[in-house]
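Read through the structure below, which is laid out as structure tokens, and then see the notes.
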Amino acid sequence: MFTTIYPQLIGLCTGALLLTSALMVWRHSLLASIRLLSVQGVALAALVAVIGVEEGEVEVILVSVLVLLVKGVALPWVLARETHATTRTDEAPRLNPTAALLTVALLTILSYVVASRLLAGDTSVSAHAAPIGLAMVLIGFLLLITRRQAGSQLIGFLVLDNGIATVAFLTSGGVPLFLELGISLDVLLVVVILYVFAGRMRTKFGNTEIDQLRKLHD
Amino acid sequence: MSFALWTPLAIPALLAVLSLAVPSPVLRRLSPVAASVAVLGSGLLLVSAALADQVPTLGDGLLRADALSAYMLTVVGAVGLVSTWGGLGHASAVPVRFAGSYDALISVFLAAMSLAVLADNIGLMWAAIEATTIATAFLVGHHRTPRSLEAAWKYVILGSVGVAIALLGIVLIYAASRGTGEATLSWLVLSQADLPLDPALIRAGGALAVLGFATKAGLAPMHSWLPDAHSQAPAPVSGLMSGVLLAVALYAILRIQTITDAVIGPDFLRVMLSIGGLLSLFVAAALLIRQRDFKRMLAYSSIEHMGMMAVGAAIGAAALPAVLLYVLGHGLTKATLFVISGRILEVEGTPKIDDVRALLVRRPGLAVPWLIAMAALIGFPPFSIFFSEVGIIMAGFSTGMGVTVGIALVLLLVIFASLTRLTVAMTIGAPTSAVAAAAAAAAAEAAVPVVPAAALTGLIPTVGAGASVIVADIEPNPVEPVVPVEPVVPVVPDRSGHGPMLPLILALVTTAVVAFIADPVGTLLTRAAEVLGGIQ
Numbered sequence: 001m002f003t004t005i006y007p008q009l010i011g012l013c014t015g016a017l018l019l020t021s022a023l024m025v026w027r028h029s030l031l032a033s034i035r036l037l038s039v040q041g042v043a044l045a046a047l048v049a050v051i052g053v054e055e056g057e058v059e060v061i062l063v064s065v066l067v068l069l070v071k072g073v074a075l076p077w078v079l080a081r082e083t084h085a086t087t088r089t090d091e092a093p094r095l096n097p098t099a100a101l102l103t104v105a106l107l108t109i110l111s112y113v114v115a116s117r118l119l120a121g122d123t124s125v126s127a128h129a130a131p132i133g134l135a136m137v138l139i140g141f142l143l144l145i146t147r148r149q150a151g152s153q154l155i156g157f158l159v160l161d162n163g164i165a166t167v168a169f170l171t172s173g174g175v176p177l178f179l180e181l182g183i184s185l186d187v188l189l190v191v192v193i194l195y196v197f198a199g200r201m202r203t204k205f206g207n208t209e210i211d212q213l214r215k216l217h218d
Numbered sequence: 001m002s003f004a005l006w007t008p009l010a011i012p013a014l015l016a017v018l019s020l021a022v023p024s025p026v027l028r029r030l031s032p033v034a035a036s037v038a039v040l041g042s043g044l045l046l047v048s049a050a051l052a053d054q055v056p057t058l059g060d061g062l063l064r065a066d067a068l069s070a071y072m073l074t075v076v077g078a079v080g081l082v083s084t085w086g087g088l089g090h091a092s093a094v095p096v097r098f099a100g101s102y103d104a105l106i107s108v109f110l111a112a113m114s115l116a117v118l119a120d121n122i123g124l125m126w127a128a129i130e131a132t133t134i135a136t137a138f139l140v141g142h143h144r145t146p147r148s149l150e151a152a153w154k155y156v157i158l159g160s161v162g163v164a165i166a167l168l169g170i171v172l173i174y175a176a177s178r179g180t181g182e183a184t185l186s187w188l189v190l191s192q193a194d195l196p197l198d199p200a201l202i203r204a205g206g207a208l209a210v211l212g213f214a215t216k217a218g219l220a221p222m223h224s225w226l227p228d229a230h231s232q233a234p235a236p237v238s239g240l241m242s243g244v245l246l247a248v249a250l251y252a253i254l255r256i257q258t259i260t261d262a263v264i265g266p267d268f269l270r271v272m273l274s275i276g277g278l279l280s281l282f283v284a285a286a287l288l289i290r291q292r293d294f295k296r297m298l299a300y301s302s303i304e305h306m307g308m309m310a311v312g313a314a315i316g317a318a319a320l321p322a323v324l325l326y327v328l329g330h331g332l333t334k335a336t337l338f339v340i341s342g343r344i345l346e347v348e349g350t351p352k353i354d355d356v357r358a359l360l361v362r363r364p365g366l367a368v369p370w371l372i373a374m375a376a377l378i379g380f381p382p383f384s385i386f387f388s389e390v391g392i393i394m395a396g397f398s399t400g401m402g403v404t405v406g407i408a409l410v411l412l413l414v415i416f417a418s419l420t421r422l423t424v425a426m427t428i429g430a431p432t433s434a435v436a437a438a439a440a441a442a443a444a445e446a447a448v449p450v451v452p453a454a455a456l457t458g459l460i461p462t463v464g465a466g467a468s469v470i471v472a473d474i475e476p477n478p479v480e481p482v483v484p485v486e487p488v489v490p491v492v493p494d495r496s497g498h499g500p501m502l503p504l505i506l507a508l509v510t511t512a513v514v515a516f517i518a519d520p521v522g523t524l525l526t527r528a529a530e531v532l533g534g535i536q
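Sequence lines, in order, name chains A and B. Note that the working numbering gives residue 142 to position 142 of the first sequence, counting from 1, and the numbers run on in steps of one. Note that the working numbering gives residue 434 to position 434 of the second sequence, counting from 1, and the numbers run on in steps of one.
Here it is as structure tokens:
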């Protein structure tokens, strides 16, 4: 029973991951992006759970709970707290939505080309879905480069991180549990630190635009 | 001996907790020094074990100290000790409210660096290196000025994105190891020569991992966080970052390189590291020529030395002992220099080279160690950086990388000239003219804002006119107010070192003699290089 719907479940979860990433590029409101990030975290946790059930490993299912708690709940909550404190959260990115979505399509194609060469020998269902993870990494970069607000850059970083996690789970069933714990903790702390810095930026400059950070140069 | 594997992790962590919990300023101030001593002591114990052909392991092989790990741990401890002990006089500028967290974060940083070099698991090494980004983020932003905030933001974003790329690479290496039956991240297992690892995945994974850790090591073109972070952080932290963080990132690159070399041969990473190294040397040379800030000068010099180490890593086995000696020499010298730069910044109140003139006459207590350490950094014998550079260049010529090494040599000469000029500008010269020039500059600066202010307050024309008259009086002869003062107050040479001098002396003496000690230093370096597959 499960083996027949397993490929469909993998497809559903990775599809949700790619869709949420693309929507984040499209939407300019920070709050909407945070909700999408939360959905993405839940989709990632579901993906991990599906892989865990398929492989029958309790450790992987434990990891999926951890992913749900950190990426689905904790990180979006931290970000949302930061955002509620501000009045203006809308973003004026460097790319218009059409160009950005076209770039997303190109990046997805690129990651399929790269992954097909990398994972040529692997015919498993999960390996076929692995390009999605790579595409998410590239979309994360796109967000990091094109966004001007501190909060949006943070979201780009988190999409990048979700992409890496997706690649890890799809290519090798995820890293060992203690490492997943360490990595999640690191990411959580980086986000908290950037959140604190964004707060300091607001008290110093009155807004969180990255473009004003131009004093240090040679 | 395996207890020496957890002492460098547990003692700094404990000290970090203590310095937050116990409201004793003395204990708090001394805790990073004690943490460094713990790391250094453990490192020396593990070195003695490595020389006796022991490889202590702990926690099911998760922590492991071969000759290379033991050596790197010693470097972490030694550089940490110089930075923290030498920085004891510094933190008077630290606001009391945040002092506890400042010292605690330094201890956490040392524990994380120790974990990074002791872990026999690339994933754990990654987590430890990322943890140092977290520990140093608040240290870089410690002064809470807009500039330090900017530096910290750039540092955290670039650092964690770079390290995230490295994680992607490590994930791919992990996926490549599924062919061995059980997927593993153990460096010891992965670096065995005859493993059935997937070459395509290892190539991609190795490239991404090296790219990511190169960001952390400050190699061009991913270096842009480094000068900002190093110039804005408190001086002891700059010393730690330059001497320890960059070195540990290089260590990660060397470990990854061993894995990829065994599977796809050395040519692939050789090209990458050569380009990164030469580009770093070029960036450093270009930006040192017209450098105005002495802390940024030291930061660019770090990029230069990391570039040279990357060239050494590209050359491979023959150059590895020189590269490892380089790590120690550069760490100790740079920590010394950053500590002194912090003291100069404190007593002179300016980071500008132009404003710090004639230091040798005015403040010999700071200028003499500064000059000696700069000589060591520029690459004068008998300091070990000289021997490392010569070793790398000789190895390059003997392995057929003459063109790379030749270009590096030309760039090193440019950097040599720039650093010499800047050092001379800071230290040598007559003080009176310097004071006069400073006064003139101050007068000119003061005059500029007065004019628009006068224009704004033009509601009362007489005041405006009066101000202009004053400006006009000052401007033609700005030296005038200084001249009568100068003979009355002759320059009294300030012989104080403005802080503990012993760590600086120890560091400089160590770098001066370390290259001449064949046993045990030479033996240790050879064994550490053997761990990486050098010198069969």
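We treat Cβ as the ideally placed atom computed from N, Cα and C, and that holds for glycine. The model shown is predicted, which means the values in this text are computed figures rather than measured ones.
Of the other Cβ atoms in all chains shown, 16 or more fall within 10 Å of the Cβ of A367(B); this residue is therefore buried. According to the DSSP assignment, V283(B) belongs to the alpha helix (DSSP H) that extends over D267 to I289. Boundaries of the alpha helix (DSSP H) harbouring K154(B): P146 to A176, taken from the DSSP string. In the DSSP assignment, A119(B) is bridged to L63(B). By the Cβ test, the stretch 206–216 of chain A is not in contact with the stretch 188–206 of chain B, since fewer than three Cβ pairs between them sit closer than 8 Å. Listed in chain order, the positions of the stretch 195–215 of chain A with a beta carbon within less than 9 Å of a beta carbon of chain B are V196, F197, A198, R200, M201, K204, F205, I210, Q212, L213, R214 and K215.
When the Cα atoms are used, S33(A) and G316(B) turn out to be separated by approximately 46 Å. Q153(A) carries a helical assignment under DSSP once its states are collapsed to helix, strand and coil. Around S111(A), the same chain offers P131, L134, A135 and L138 as residues with beta carbons nearer than 7 Å, after the five sequence neighbours per side are excluded.
Assigned with DSSP and collapsed to three states, K352(B) falls in strand.
In the three-state scheme derived from DSSP, where H, G and I count as helix and E and B as strand, D122(A) is classed as coil. Short of 6 Å from the beta carbon of L36(A), and not among the five residues preceding or following it, lie these beta carbons of its own chain, in chain order: T20, L23 and M24. Leaving aside the five residues that flank L185(B) on each side, the residues in its chain whose CB is nearer than 6 Å to its CB run, in chain order, N121, I122, G123 and Y174. It is roughly 58 Å from the alpha-carbon of L337(B) to the alpha-carbon of L9(A). For G121(A), the nearest CB of chain B lies under 9 Å from its own CB, placing it at the interface with that chain.
Comparing alpha-carbon positions, the option among V159(A), P97(A), H217(A) and H128(A) lying closest to S148(B) turns out to be H217(A). By DSSP's assignment, D293(B) forms a beta bridge with K352(B). Using beta-carbon distances, W6(B) does not count as an interface residue toward chain A, since no partner is under 9 Å. Of the residues assessed, E150(B) falls on the buried side of the cut-off, its CB having 16 or more other CB atoms within 10 angstroms.
Taking CB atoms only, Y174(B) has a neighbour in chain A less than 9 Å away. If you compare the alpha carbons of V192(A), S64(A), W26(A) and L47(A) with that of T103(A), the shortest gap goes to W26(A). Sorting T171(A), I164(A) and L170(A) by C-alpha distance to the C-alpha of L168(B) places I164(A) at the top.
At a cut-off of 9 Å between beta carbons, S21(A) makes no contact with chain B. With respect to the 9 Å criterion, F397(B) and T511(B) are not classified as neighbours on the basis of their beta carbons. Under the criterion of beta carbons closer than 8 Å, L160(A) and F141(A) qualify as touching, at roughly 6 Å. Chain-ordered, the chain A residues with CB closer than 7 Å to the CB of G141(B) read F197. In the structure shown, T404(B) adopts helical secondary structure according to DSSP, grouped into three states. Among the CB atoms of chain A, none fall inside 9 Å of the CB of W187(B). The residues S231, S341 and P351, in chain order, have a CB closer than 6 Å to that of K295(B) in the same chain once the five nearest residues on each side in sequence are set aside. Identification of residues in the stretch 159–175 of chain A having a C-beta nearer than 7 Å to some C-beta of chain B yields L160, D161, I164, V167, A168, T171, S172 and V175, given in sequence order.
Interface with chain A (9 Å Cβ-Cβ cutoff): T133(B) is included. For a Cβ distance threshold of 7 Å, residue set F157 and V190 of chain A lies close to S160(B), ordered along the chain. Separation of D186(A) and A131(B) (C-alpha to C-alpha, rounded to the nearest whole angstrom) is 6 Å. Exclusion of the five residues before and after T146(A) leaves P93, R94 and L95 as the residues of its chain whose Cβ lies within less than 6 Å of its Cβ. Burial is judged here by how many other beta carbons sit within 10 angstroms of a residue's own beta carbon; K215(A) has fewer than 16 and is exposed. CA-to-CA, the gap between M201(A) and I289(B) works out to about 33 Å.
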